[in-house]
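Here's the structure, in structure tokens; my notes come after.
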């Protein structure tokens, strides 16, 4: 996985073809996005730090429009 932009992550999250799950443990919040049961992206938020990660080739899952 590598870093991706927030707009790319939001594009994946809002796509109806993808499912996502959230997990909040203590100060760490994780949002994972899945396509056909495979993890394609995740967001990790710890206090004020937020990082977005995507699998290699995540660009093919982005929608245009």
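In UniProt numbering, the protein residues as written are 1 to 65. Glycine is no exception: its CB is placed at the ideal position from the N, C-alpha and C atoms.
- The residues 1, 2, 3, 4, 41, 42, 43 and 44, in chain order, have a CB closer than 8 Å to that of residue 53 in the same chain once the five nearest residues on each side in sequence are set aside.
- Rounded to whole angstroms, the separation of the alpha carbons of residue 61 and residue 31 is 17 Å.
- Looking at the DSSP output, residue 37 sits in no beta bridge, so it has no partner there.
- Assignment of residue 24 by DSSP, reduced to helix, strand and coil, places it in the strand class.
- Residue environment: residue 12 is assigned as buried (16 or more neighbouring CB atoms within 10 Å of its CB, all protein chains considered).
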